[in-house]
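Note that the working numbering numbers the sequence shown so that position 215 is 1471, with each residue one more than the last. As structure tokens, the structure follows; a few thoughts come after it.
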Amino acid sequence: MQKIIYFLFCCLLSSAMFAQSIIYSNSFFEYDNIPCPFDNNQTVLYPKGWIVYQTLDDTWNGPVDSTRCISVESFGFPGKPRIDLEQIDPEKALFIRAKPSEFIGIGSLTPNYVFNVYTSSSISDIAVKPRLGTDCTEDLCTGVFVGIAVPGALRIQTGVTPGVNFEETVLDVVSCFPSEYFDSQHLDQVILKYTFGQNADMTGQYLYLDGVFIDVIDIAPGLITEVNAYPSQYNSGTGEYDVHASDIIPGFSENCVLQYTAPTFPSVQDPSYVIGTPVPNSTSQQTINLI
């Protein structure tokens, strides 16, 4: 009996940092010195084309906490920005968001492709290291949101800051995200998010910003259109099949995606399916794990 492998969205199984071309890059060398968007009586310094803020509900597009005008300062050589964390409310998430002007001229994203987003930042001391993982509002504690505008919707991808970097104070993110097969897809949002401990002492502490980069992955994704499970992949301990994605994709690719094939935008109401079949076929339902 054939076993349906169900999924709602494109599932990324691995990523690699192979770049064919950079579609967005900001190393934060330039600044905007402007009136605070939330209080015209104050002046703020922002990385050029970006904005720094907190919201009342910890969502990136929620109501802004207008009681705070959070500014950056140029630090050291070559003058990268840092944020004095005494300015923020540690009980609320901190957001650093690109303005729409940052995406003018980028053009449409290649349909059915995979992209890398890389963000680089760090903190002054591990005593105020942000919360990691997904147990926070919008399923992201510290990391990056990437928004792609597609016909009729805005799709948000998340990249989670890993639990291990080469230094504990480093908060770098490397994550990949796919485009849909629709035409006219555009990069619409890039938002950095940091969630600190509610009782964190921010005295003398800083968040350093180094850059954000998005590029096209050089190797096209291997599209998984069906899954066949063979006896060698049967796990007698669990009574299930464990099939590695790398064993079933055509050709060579370190990026594997399950393609959404329904003629609609992905949603709970409009699922897409990939068929999984044990070989030889079975008269009873089998479980196939794609790993």
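Idealized CB from N, CA, C, for every residue including glycine.
Residue i in three-state terms, based on DSSP
{"i": "E1394", "result": "helix"}
{"i": "E1342", "result": "helix"}
{"i": "E1496", "result": "strand"}
{"i": "E1286", "result": "coil"}
{"i": "S1378", "result": "strand"}
{"i": "S1364", "result": "coil"}
{"i": "P1356", "result": "helix"}
{"i": "A1501", "result": "helix"}
{"i": "V1384", "result": "helix"}
{"i": "C1292", "result": "strand"}
{"i": "N1491", "result": "strand"}
{"i": "P1337", "result": "strand"}
{"i": "T1539", "result": "coil"}
Residue i, enclosing beta strand (DSSP E) - first and last residue
{"i": "Q1298", "result": "D1295 to P1303"}
{"i": "L1409", "result": "Checking the sequence, you will find Ala at residue 1409 rather than Leu. A1409 to V1416 is the span of the beta strand (DSSP E), which, as asked, contains A1409."}
{"i": "V1472", "result": "Y1462 to I1473"}
{"i": "E1423", "result": "Note, E1423: premise wrong, no beta strand (DSSP E); not H, not E."}
{"i": "A1349", "result": "Run containing A1349: none; DSSP gives neither H nor E here."}
{"i": "F1331", "result": "V1328 to F1331"}
{"i": "L1546", "result": "I1544 to L1546"}
Buried or exposed (CB count within 10 angstroms, at least 16 for buried), residue i
{"i": "C1266", "result": "For C1266, the pLDDT reaches just 33, beneath the cut-off of 50, and the residue's location in the model is therefore unreliable, leaving the point undetermined."}
{"i": "L1342", "result": "For the record, residue 1342 in the displayed sequence is Glu; it is not Leu. So E1342 ends up on the exposed side."}
{"i": "G1363", "result": "exposed"}
{"i": "N1297", "result": "exposed"}
{"i": "D1314", "result": "buried"}
{"i": "E1436", "result": "buried"}
{"i": "L1312", "result": "exposed"}
{"i": "S1441", "result": "With the sequence shown as reference, residue 1441 is identified as Gln, and Ser is not the correct amino acid for it. Q1441 should be labelled buried."}
{"i": "P1303", "result": "buried"}
{"i": "F1285", "result": "exposed"}
{"i": "Q1310", "result": "buried"}
{"i": "T1451", "result": "buried"}
{"i": "V1535", "result": "exposed"}
{"i": "Y1374", "result": "buried"}
{"i": "V1384", "result": "buried"}
{"i": "V1530", "result": "buried"}
{"i": "I1261", "result": "Note that I1261 has pLDDT 35, beneath the 50 cutoff, so the model's placement of it is unreliable and the number below is only indicative. Classification for I1261: buried."}
{"i": "I1278", "result": "exposed"}
{"i": "V1499", "result": "buried"}
Beta-bridge pairing of residue i - partner residues as DSSP gives them
{"i": "Q1445", "result": "G1403"}
{"i": "P1434", "result": "V1370"}
{"i": "P1534", "result": "A1485"}
{"i": "V1320", "result": "T1311"}
{"i": "P1527", "result": "Paired residues: none, contrary to the question."}
{"i": "I1279", "result": "The partner list for I1279 (beta bridge, DSSP) is empty, contrary to what the question assumes."}
Own chain, CB closer than 8 Å to residue i, minus 5 neighbours either side, in chain order
{"i": "I1381", "result": "The residue asked about is misnamed: residue 1381 is Asp in this sequence, not Ile. So the list reads T1425 and Q1461, once near-sequence residues are dropped."}
{"i": "L1388", "result": "C1397, T1398, V1416, T1417, P1418 and G1419"}
{"i": "G1495", "result": "T1543"}
{"i": "G1493", "result": "none"}
Heavy atom of the ligand COA within 7 Å of residue i beta-carbon
{"i": "P1303", "result": "Absence of the ligand COA from the depicted structure is noted, as is the absence of any ligand whatsoever, leaving it without description."}
Beta-carbon proximity list for residue i, same chain, < 6 Å, skipping 5 on both sides
{"i": "Y1497", "result": "A1485, Q1489, Y1490 and I1544"}
{"i": "G1403", "result": "L1410, I1412, D1444 and Q1445"}
{"i": "S1502", "result": "none"}
{"i": "S1327", "result": "V1300 and L1301"}
{"i": "A1349", "result": "D1314, K1449 and T1451"}
7 Å Cβ shell around residue i - same chain, five flanking residues per side excluded
{"i": "G1467", "result": "N1282, S1283, F1284 and S1376"}
{"i": "E1347", "result": "Q1454"}
{"i": "G1335", "result": "F1285"}
{"i": "D1526", "result": "A1518 and T1520"}
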